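Residue 0 is where the sequence shown starts when you use numbering that gives the first Met the number 0, and the numbers rise one by one after that. Here's the structure, in structure tokens; my notes come after.
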Amino acid sequence: MEQQKPERRVIGQLEDSKWTRYFLDAVQLPCSGQSQKMIKDRRDELVQKVCCMIKRYTSSKKDISKGMRAVDAIEHLGVGYHFEEEVNKFMDVLIFTSIDENDLAGVALRFRLLRQHQYDIPCEVLKSFKDEKGEHFKDDVQSDIGTLLSLYEAAHLAKCGEESLTDSIRFTTSCLSSLSGGNQLPDHLINRVRHALATPSQRRMKRLEAKLYISIYEKDDEGDQDILELAKLDFHILQLMHRDEIKSISLWYKDLNSGSALGEYIRERPVECYFWALGVFYEPKYAKARMMFAKLIKMFSFFDDTFDSYGTLEELRQFNQAVQRWDEEDARRIGKCYGYVMSNISSILNQFVEDGASAIGIACTKEIIKHVSRCMLQEVLWREEEQVPPVQDHLRITAISTFYWALASISFTGMDAGDDVFTWATSFPKIIENAAMVSRLMDDISGHECEKERSNVATAVDCYIKEHGVTVDQAKEALGRLVEEQWRSINEEFLTNTTVPVEVLTRVVNLARVMDCMYKKLDGYTHSSETADPIDKLLNSCVNH
Numbered sequence: 000m001e002q003q004k005p006e007r008r009v010i011g012q013l014e015d016s017k018w019t020r021y022f023l024d025a026v027q028l029p030c031s032g033q034s035q036k037m038i039k040d041r042r043d044e045l046v047q048k049v050c051c052m053i054k055r056y057t058s059s060k061k062d063i064s065k066g067m068r069a070v071d072a073i074e075h076l077g078v079g080y081h082f083e084e085e086v087n088k089f090m091d092v093l094i095f096t097s098i099d100e101n102d103l104a105g106v107a108l109r110f111r112l113l114r115q116h117q118y119d120i121p122c123e124v125l126k127s128f129k130d131e132k133g134e135h136f137k138d139d140v141q142s143d144i145g146t147l148l149s150l151y152e153a154a155h156l157a158k159c160g161e162e163s164l165t166d167s168i169r170f171t172t173s174c175l176s177s178l179s180g181g182n183q184l185p186d187h188l189i190n191r192v193r194h195a196l197a198t199p200s201q202r203r204m205k206r207l208e209a210k211l212y213i214s215i216y217e218k219d220d221e222g223d224q225d226i227l228e229l230a231k232l233d234f235h236i237l238q239l240m241h242r243d244e245i246k247s248i249s250l251w252y253k254d255l256n257s258g259s260a261l262g263e264y265i266r267e268r269p270v271e272c273y274f275w276a277l278g279v280f281y282e283p284k285y286a287k288a289r290m291m292f293a294k295l296i297k298m299f300s301f302f303d304d305t306f307d308s309y310g311t312l313e314e315l316r317q318f319n320q321a322v323q324r325w326d327e328e329d330a331r332r333i334g335k336c337y338g339y340v341m342s343n344i345s346s347i348l349n350q351f352v353e354d355g356a357s358a359i360g361i362a363c364t365k366e367i368i369k370h371v372s373r374c375m376l377q378e379v380l381w382r383e384e385e386q387v388p389p390v391q392d393h394l395r396i397t398a399i400s401t402f403y404w405a406l407a408s409i410s411f412t413g414m415d416a417g418d419d420v421f422t423w424a425t426s427f428p429k430i431i432e433n434a435a436m437v438s439r440l441m442d443d444i445s446g447h448e449c450e451k452e453r454s455n456v457a458t459a460v461d462c463y464i465k466e467h468g469v470t471v472d473q474a475k476e477a478l479g480r481l482v483e484e485q486w487r488s489i490n491e492e493f494l495t496n497t498t499v500p501v502e503v504l505t506r507v508v509n510l511a512r513v514m515d516c517m518y519k520k521l522d523g524y525t526h527s528s529e530t531a532d533p534i535d536k537l538l539n540s541c542v543n544h
């Protein structure tokens, strides 16, 4: 008979997510009177037309500027996955093609496109934006919206130590903010500027960017109508696929019966977990990876909630020991919820292997989970002993306890990555560490007040306040600057890492991008109303086509 548990912390009522029941009951999208076959046929026809367009721009250097704008639009609109080979060939030409220095917007666009495609082009190519002494930006730049936007977006591809790009961000942000605050711009340009200032393209969740950019691109007088129509049709087709997947995830979660097994302390967020997966990979070829990711992040959420909001110190010590041995029976002996969490994580990982996932990838993920468990226990010890450690000591532990390291590993497993990728991943490489730091810092900055109520654990904000004797707002501002440093390091690692394929590095960058979407203002996972609008945009609201 299970022993009576010691008194537990009182946790505030968790906000319910509205989505699970909705997608269980949802019918097909009433988005178009056309048959799905007609839509797919038209989409495929447009893919061929745009493919020929890119090839034409690649073979004719005189059209290189038009080609850059077309490729940029294709990638903003989320249809670049159709043209990976063609775009790569275009980039191979672009790297050896110069742009007229008087076309400042084009110079910045070339720089950004090349860096986005892992060409480590030096930032000195942007020197034409400044006067002959290189001290001040040219006067005509300050009022040119297109040039300002192009430089603003390019500068967010900065690596560590590229102070000229930091200056460019400050300059363009100031100019764009001033111009968008007045009445001298038409509405469509104001919307475009505000969209960029809210979040630069480099940090946007790519699927959400595709949806939002459609409304911007269709008001662009220089936009290509074939690319626009392709984007709309493709979004519709993928949205139907994603809705089928989220319904499957919702049914799977319902069968878990987690509410009765774990009680009210858990955050029931299966749709939000799928949304997270969609941010890491939305393309059709990654369907298996999306489902694996969504299921495992839901299990990790149970794990996190058990440490944060339920377990006593002694129970969690025992649970950590069970995790280190990967012993489900030991976990069951601690209590019902511990056995449930451990057995479900084990069952899901085993099922992945049975379904053809890399056994080495799953073994790698298990080892990382053990690291996470040890770090979570350390957080509990700090809480119980009322310790507020130095910021760097805190981040060294809590960057791992975000589970981002483990999520990166399962992402690679879902992509059928090679064994060398997992050898690399187990070393906690710099780019994964950077993404995990973005996760931890943004979580602590946006969720500081909520976390104090929910688990009473010291956040990075508390640690910074104690170490530096500053206010909450000052601590958040300082930690925000640290987020910026992590992004520059992510950019640098992406450009210079030759150990693993670019597709693997992209998943890590995408993990950081999801945080910018879900945790920019508030903890959007705990407070699910914060993610209601982006979820609606991606999985519910139609695109008119």
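Cβ atoms here follow ideal geometry from the backbone N, Cα and C, with glycine treated the same way. Note that the structure is predicted; figures quoted are calculated from it, not measured.
In angstroms with no decimal places, state the Cα-to-Cα distance between residue i and residue j.
| i | j | result |
| --- | --- | --- |
| alanine 286 | phenylalanine 301 | 23 Å |
| methionine 514 | asparagine 101 | 37 Å |
| glutamine 117 | aspartate 326 | 43 Å |
| isoleucine 534 | glutamate 271 | 8 Å |
| valine 507 | methionine 37 | 36 Å |
| threonine 401 | glutamate 221 | 43 Å |
| arginine 206 | phenylalanine 351 | 25 Å |
| aspartate 186 | alanine 195 | 14 Å |
| aspartate 243 | leucine 538 | 10 Å |
| aspartate 219 | alanine 424 | 42 Å |
| cysteine 50 | lysine 65 | 14 Å |
| phenylalanine 545 | glycine 334 | The shown model of the chain, from 0 to 544, leaves out residue 545, and the question about it has no answer. |
| serine 167 | glutamate 466 | 32 Å |
| threonine 470 | leucine 45 | 55 Å |
According to the neighbour-count rule (16 or more other Cβ atoms, all chains shown, within 10 Å of its Cβ), is residue i buried or exposed?
| i | result |
| --- | --- |
| serine 426 | exposed |
| alanine 107 | buried |
| alanine 358 | exposed |
| glutamine 47 | exposed |
| cysteine 541 | exposed |
| threonine 305 | buried |
| threonine 422 | exposed |
| lysine 61 | exposed |
| arginine 512 | buried |
| valine 501 | exposed |
From the DSSP output, in three-state form, read off residue i for me.
| i | result |
| --- | --- |
| phenylalanine 493 | helix |
| lysine 137 | coil |
| lysine 545 | Since the first residue of the chain shown is 0 and the last is 544, residue 545 is not available in this structure. |
| lysine 253 | helix |
| lysine 231 | helix |
| glutamine 473 | helix |
| lysine 132 | coil |
| cysteine 50 | helix |
| valine 78 | coil |
| glutamate 545 | The structure shown does not extend to residue 545, since the chain is modelled only from 0 through 544, so no value can be given for it. |
| tryptophan 486 | helix |
| glutamine 117 | coil |
| serine 167 | helix |
| proline 428 | coil |
| leucine 537 | helix |
| phenylalanine 402 | coil |
| tryptophan 275 | helix |
| tryptophan 325 | coil |
| tyrosine 309 | coil |
| cysteine 374 | helix |
Report the CB separation of residue i from residue j in whole angstroms; it is logged as a contact under 8 Å.
| i | j | result |
| --- | --- | --- |
| valine 322 | lysine 369 | 6 Å |
| alanine 104 | glycine 145 | 5 Å |
| isoleucine 189 | serine 177 | So it is not a contact: roughly 12 Å between Cβ atoms. |
| lysine 137 | lysine 129 | 7 Å |
| leucine 112 | isoleucine 63 | That pair is no contact at about 11 Å. |
| valine 192 | leucine 175 | 5 Å |
| tyrosine 273 | isoleucine 245 | 5 Å |
| histidine 241 | leucine 277 | 6 Å |
| leucine 239 | arginine 42 | Between arginine 42 and leucine 239 the Cβ distance is about 12 Å, and since that is not below 8 Å, they are no contact. |
Under 6 Å from any heavy atom of the ligand FAD, does the C-beta of residue i make it?
| i | result |
| --- | --- |
| leucine 211 | The ligand FAD is absent from the structure shown, which contains no ligands of any kind. |
Stretch-stretch touch, CB-based, cutoff 8 Å, three pairs: the stretch 427-444 with the stretch 476-494: yes
Any 3 or more C-beta pairs closer than 8 Å across the stretch 396-415 and the stretch 280-295: yes
contact_flag[the stretch 455-472, the stretch 375-390] where n(CB pairs < 8 Å) is 3 or more: yes
Stretch pair the stretch 154-164 + the stretch 112-126: three plus CB contacts closer than 8 Å: yes
Contact the stretch 51-65 vs the stretch 86-98: 3+ CB pairs below 8 Å: yes
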